[in-house]
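See structure below.
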């Protein structure tokens, strides 16, 4: 789990072009959107692409996506449960 | 300042190749949206509104042309040709300008399987536009506007300004976009497509439906003297939300300001508007935003519809073909139902047209919004014979 | 009414000219991405959205930031009267190709919304408006080469109709082989050293070299 969280942090930074942010700056429990990293709706859609591309996990329902993409921890939990 | 008269128009869509043919289908409630299973367009079946290939081939076969033209160019040439045929406007004269509205033009040529068929530069919007200009032997450089989903409304407003200023006597405003995997996949990646025909302003709306088509409106500084009535452009406006590149402002700020500017230029108040042709894409956010903007102007009781349930979102053509439909409604004093609307699904009260009805329509407002935070508004007025000054 | 150009900027060949004067130059070996980052660190305030933009928007955004530095437009003018009018030749073909590469292969099909949104040339204007809270008229014109004759009367008319009180306008273009940004600030005031807003003057500024 720890390993997955660290891997996800790096992937999120790269996928979302979060320049000037280091993996250590991301608290895996903090909400990714609004506060936290200040991500927006396009970032959410990009994270859905990331999950499909790297982990083969499809999120069809944007509403469910909101819960899954809440934080790095919730994403890691989703991947662990579904693989 | 010159008045701006609308002297001719055309719509090409899944519902036909003339304004009348399209209008008759709108009045009958015929929808041009079908689920299409075509790997060249989409990896999964998708509801879209397509111009029928066979009909296009038939229409094109009677167009004199010695060169090859892309689908996008064919649609524009046919649309402009059919519109010009209704007038005495001399397209070869310096006093006539062509304005082209599109989002992606010949983007389908990006596919290596298609790009060899045409000169490489043809994928450029300026190249496609100059091909149209050359076809009609217009001596002026074409003006090309590419402003996402408000391109058509913006093109009409800018063309109207050219007439008001006296820069040109006639302006041919033509808009088109054709559907391709490029465009469809992009909207799919935004999860903004509905799984069935879109349902603007409805509670169950779940996204937009894409369409293709072309439209043309010829603006002139002189009225059609023989007509029983004339339609003019009285005002317009375009304001940015300054909020987000893909999501509309929740307060509908840009749309609100655009309507305000258009009313001010037309020297009208919101109480003068008889009917509103909304953008109504049927995405949850767009329709909600429009309801907020209309509410802020107290336009809640004015009949409003969206044509997107008939022929989808035709992108660079949308502002033009929807304006033509609104103008035809004015000419005939008919309110066309907003197809797909059953149960009210936006937070503000709106008078969304459910049943076909007659109403005297003298002032009509058309609005549009799009990616980039763009919003546009335009107001049309009807003059009956004898009113002309 | 006299509409005057009060300030202008040109970015080309890794060099910035402000009001005709060379103010910064990076070596000819600096690639575009690095050059943009250098300019961001030198001229822009912290704005993390910058790194999400495509190259065309980055170029337009930075040119506007440098042009507008110290101007305080939103303090001096109502924000719904501040216009942005950009012309462009290659539209978004660079990002179009990048996006197409993501969808052309059905076995490796991952369309990216963050790329797709930049396949519209007016997004660059959206970025400038969002950063500066400009809510006025705006438009993107496409033309083979920059020709202010197409836009100058339209802009002038917006001033005359009081639809705008100030605007930034010009030409911003990007391909993977070349780029070019030219922006000017036009205001509805007679300025001591202002340049009259007409096509001839704009062309001279655009083609001006040291």
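Residue numbers (my numbering), protein chains in the order written: chain A, 1 to 83; chain B, 84 to 472; chain C, 473 to 682.
Every residue, glycine too, gets a C-beta built ideally from N, C-alpha and C.
Legend entry - Neighbour-count burial assignment, residue 278 (chain B), 16 or more Cβ in a 10 Å radius: Along the second chain, read from residue 1 onward, the residue named residue 278 (chain B) stands at position 195. Burial call: exposed.
Inset, instruction - Assuming residue 568 (chain C) contacts residue 193 (chain B) (C-beta within less than 8 Å), just tell me the rounded distance between them. - result: For the purposes of this step, residue 568 (chain C) is taken as residue 96 along the third chain, with counting starting at 1. For the purposes of this step, residue 193 (chain B) is taken as residue 110 along the second chain, with counting starting at 1. With 8 Å as the limit, residue 568 (chain C) and residue 193 (chain B) qualify as a contact, their Cβ atoms being about 6 Å apart.
Inset, instruction - Count the CB pairs spanning the stretch 24 to 39 of chain A and the stretch 63 to 74 of chain A that are closer than 8 Å, and state whether there are at least three. - result: yes
Inset, instruction - Can you say whether residue 352 (chain B) is buried or exposed, counting buried as having 16 or more other CB atoms within 10 angstroms of its CB? - result: Position 269 of the second chain holds residue 352 (chain B). It counts as exposed.
Inset, instruction - May I ask you to list the residues that DSSP assigns as paired with residue 655 (chain C)? - result: As a position in the third chain, residue 655 (chain C) is number 183, starting the count at 1. Looking at the DSSP assignment, residue 655 (chain C) forms a beta bridge with C:481, C:642.
Legend entry - Start-to-end residues for the alpha helix (DSSP H) that takes in residue 94 (chain A): Past the boundaries of the shown model lies residue 94 (chain A); chain A is included only from 1 to 83, so the question cannot be answered.
Legend entry - Euclidean distance between Cα positions of residue 294 (chain B) and residue 362 (chain B): Counting from 1 along the second chain, the entry for residue 294 (chain B) is found at position 211. Counting from 1 along the second chain, the entry for residue 362 (chain B) is found at position 279. Taking the straight line from one Cα to the other gives about 14 Å.
Inset, instruction - Mind reading off the beta-carbon distance from residue 535 (chain C) to residue 481 (chain C)? Whole number of angstroms is fine, and I expect it under 8 Å. - result: As a working note, residue 535 (chain C) is residue 63 in the third chain. As a working note, residue 481 (chain C) is residue 9 in the third chain. The pair is a contact, with the Cβ atoms about 6 Å apart (cut-off 8 Å).
Inset, instruction - With 8 Å as the limit, tell me which residues of the stretch 53 to 70 of chain A have their beta carbon closer than that to any beta carbon of chain B; keep them in chain order. - result: 62
Legend entry - Three-state secondary structure (DSSP) of residue 371 (chain B): As a working note, residue 371 (chain B) is residue 288 in the second chain. The answer is helix: DSSP assigns residue 371 (chain B) an H, G or I state.
Inset, instruction - Quick one: using the 10 Å Cβ neighbour count with 16 as the cut-off for buried, is residue 187 (chain B) buried or exposed? - result: Taking the second chain and counting its residues from 1, one reaches residue 187 (chain B) at position 104. Residue 187 (chain B) comes out buried.
Inset, instruction - Name the residue from C:499, C:578, C:513, C:604 whose alpha carbon lies nearest to the alpha carbon of residue 555 (chain C). - result: Here residue 555 (chain C) refers to the residue found at position 83 when the third chain is read from its first residue. Residue 555 (chain C) has its Cα closest to that of C:604, out of C:499, C:578, C:513, C:604.
Inset, instruction - Please go through the same chain and pick out, in chain order, the residues whose beta-carbon is closer than 6 Å to the beta-carbon of residue 401 (chain B), but skip the five residues on each side of it. - result: Residue mapping note: residue 401 (chain B) aligns to position 318 of the second chain, counting from 1. Same-chain partners within the cutoff: 235.
Legend entry - Chain-ordered chain B contacts of residue 45 (chain A) [CB-CB under 8 Å]: Counting from one through the first chain, the residue named residue 45 (chain A) turns up at place 45. Those are 272, 273, 274, listed as they occur along chain B.
Legend entry - Own chain partners of residue 335 (chain B) with C-beta closer than 6 Å, once the 5 adjacent residues on each side are dropped: Against the second chain, residue 335 (chain B) aligns to sequence position 252. Closer than 6 Å at the Cβ level, and outside the excluded window around residue 335 (chain B), lie 372, 375, 376.
Legend entry - Given residue 470 (chain C) as reference, the closest of C:665, C:667, C:630, C:505 once Cα atoms are compared: Within the shown structure, residues of chain C are numbered from 473 to 682, placing residue 470 (chain C) beyond reach of any answer.
Legend entry - Three-state secondary structure assigned by DSSP to residue 508 (chain C): If you number the third chain from 1, residue 508 (chain C) lands on position 36. Note: residue 508 (chain C) maps to helix in three-state DSSP.
Inset, instruction - Could you tell me whether the Cβ atoms of residue 96 (chain B) and residue 397 (chain B) are closer together than 8 Å? - result: Residue 96 (chain B) sits at position 13 when you count from the first residue of the second chain. Residue 397 (chain B) sits at position 314 when you count from the first residue of the second chain. For residue 96 (chain B) and residue 397 (chain B), yes; Cβs fall inside 8 Å.
Legend entry - Sequence-distant residues of its chain with Cβ nearer than 7 Å to residue 173 (chain B) (five each side left out): Taking the first residue of the second chain as 1, we reach residue 173 (chain B) at position 90. Once the five neighbours on either side are set aside, the close Cβ partners of residue 173 (chain B) are 179.
Legend entry - Residues of its chain near residue 471 (chain B), where Cβ-Cβ distance is below 8 Å and the 5 sequence neighbours each way are ignored: If you number the second chain from 1, residue 471 (chain B) lands on position 388. Low confidence applies here, because residue 471 (chain B) scores a pLDDT of 49, under 50, leaving its location unreliable; read the following figure in that light. Only 306, 313 meet the Cβ criterion.
Inset, instruction - Please decide whether residue 200 (chain B) counts as near chain C, where near means a Cβ-Cβ distance under 8 Å. - result: Locating residue 200 (chain B) in the second chain gives position 117, where the first residue counts as 1. Not an interface residue.
Inset, instruction - With 7 Å as the limit, tell me which residues of the stretch 573 to 596 of chain C have their beta carbon closer than that to any beta carbon of chain A; keep them in chain order. - result: 582, 584, 585, 586, 589
Legend entry - Per-residue contacts from residue 42 (chain A) into chain B (C-beta, under 9 Å): In the first chain, the residue the question calls residue 42 (chain A) occupies position 42. Going along chain B in sequence order, the residues near residue 42 (chain A) (Cβ under 9 Å) are 273, 327, 328, 329, 330.
Legend entry - Coarse secondary structure for residue 279 (chain B), derived from DSSP in three states: As a working mapping, residue 279 (chain B) is identified with position 196 in the second chain. Correct three-state label for residue 279 (chain B): coil.
Inset, instruction - Go ahead and pull the three-state DSSP assignment for residue 298 (chain B). - result: Stepping through the second chain from its first residue, residue 298 (chain B) is reached at position 215. Strand at residue 298 (chain B).
Legend entry - Same chain only: Cβ atoms within 7 Å of residue 247 (chain B), ignoring 5 sequence neighbours per side: In the second chain, counting from the first residue as 1, residue 247 (chain B) sits at position 164. Taken in chain order, the residues that qualify are 84, 85, 87.
Inset, instruction - Select from the stretch 330 to 344 of chain B all residues with a C-beta closer than 7 Å to any C-beta belonging to chain C, and list them in chain order. - result: 336, 337, 340, 344
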